[in-house]
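**Student:** Dumping the structure here so I can ask a few things about it.
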Ligand code: 5GP
Ligand code: ZN
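Numbering (my numbering), first residue to last: 6 to 121.
Now the structure itself:
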């Protein structure tokens, strides 16, 4: 696993910082977002440090996006949302604040659920 000092998501992937894990395999980790924009708001990351979509390796693309439907089904079963958004910010000006690639999964509950 590529590890970058001072990267908060590398520290989470390594277990140096605790997280509420939703899913894990050898290349991917999913955990609840600290800010919980909606209930069950989850981040899916490659364990390998890659900054954003421009750096994302084929290996990580495959690992992350083959895990996303499984994680989405687990969130659907756990939280019973009415829908789900998948989002990804790349670059500061696009709203990226943690520079380790991640996909946001946002379960949706209808008007006033905290997002949009
Ligand atoms: P971005 O703005 O880069 O797309 O999303 C970064 C997300 O990481 C934010 O939604 C923020 O709440 C979340 N986040 C930042 N630090 C931590 C942390 O230490 N633990 C968890 N679980 N989420 C974090
Ligand atoms: Zn990292």
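Yeah, the Cβ is synthetic: ideal placement off N, Cα and C, and Gly gets one too.
From the DSSP secondary-structure annotation, give me the bridge partner or partners of residue 92.
**Tutor:** Indexing the chain shown from 1 puts residue 92 at position 87. When DSSP reads this structure, residue 92 sits in a beta bridge with 109.
**Student:** What residues sit near the ligand ZN, counting only those whose C-beta is closer than 6 Å to one of its heavy atoms, in chain order?
**Tutor:** Those residues, listed in chain order, are 9, 12, 14, 15, 54 and 105.
**Student:** Is the beta carbon of residue 55 closer than 8 Å to that of residue 61?
**Tutor:** Start at 1 with the first residue of the chain shown, and residue 61 comes out as number 56. Start at 1 with the first residue of the chain shown, and residue 55 comes out as number 50. In this structure, residue 55 lies closer than 8 Å to residue 61 by Cβ.
**Student:** Beta carbon of residue 102: closer than 7 Å to some heavy atom of the ligand 5GP?
**Tutor:** For this step, residue 102 is matched to residue 97 along the chain shown. Short note on residue 102: C-beta closer than 7 Å to some heavy atom of the ligand 5GP.
**Student:** Taking Cβ positions, are residue 93 and residue 58 nearer each other than 8 Å?
**Tutor:** Counting from one through the chain shown, the residue named residue 93 turns up at place 88. Counting from one through the chain shown, the residue named residue 58 turns up at place 53. Yes, the Cβ-Cβ distance between residue 93 and residue 58 is below 8 Å.
**Student:** Between 38, 27, 31 and 28, which has its C-alpha nearest residue 13's C-alpha?
**Tutor:** Looking up residue 13 in the chain shown gives position 8. Closest option to residue 13, Cα to Cα, is 38.
**Student:** Since residue 53 sits in a beta bridge, which residues does DSSP pair it with?
**Tutor:** Numbered from its first residue, the chain shown carries residue 53 at position 48. Residue 53 is not bridged to any residue.
**Student:** Taking the Cβ atom as the reference point for each residue, do residue 68 and residue 16 lie within a distance shorter than 8 Å?
**Tutor:** For the purposes of this step, residue 68 is identified with residue 63 of the chain shown, where counting begins at 1. For the purposes of this step, residue 16 is identified with residue 11 of the chain shown, where counting begins at 1. Result no, Cβ atoms of residue 68 and residue 16 do not sit closer than 8 Å.
**Student:** Check residue 28 in the structure and name its three-state DSSP category.
**Tutor:** Counting from one through the chain shown, the residue named residue 28 turns up at place 23. Reduced to three states, the DSSP call for residue 28 is strand.
**Student:** Using DSSP with H/G/I as helix, E/B as strand and the rest coil, what is residue 33?
**Tutor:** Here residue 33 corresponds to residue number 28 of the chain shown, with the count starting at 1. Strand at residue 33.
**Student:** Going by the CB atoms, is the gap between residue 84 and residue 45 shorter than 8 Å?
**Tutor:** Your numbering for residue 45 matches position 40 in the chain shown. Your numbering for residue 84 matches position 79 in the chain shown. Cβ atoms of residue 45 and residue 84: closer than 8 Å.
**Student:** Can you tell which of 116, 24, 30 and 110 has its C-alpha closest to the C-alpha of residue 81?
**Tutor:** Taking the chain shown and counting its residues from 1, one reaches residue 81 at position 76. Taking only the C-alpha atoms, the option nearest residue 81 is 110.
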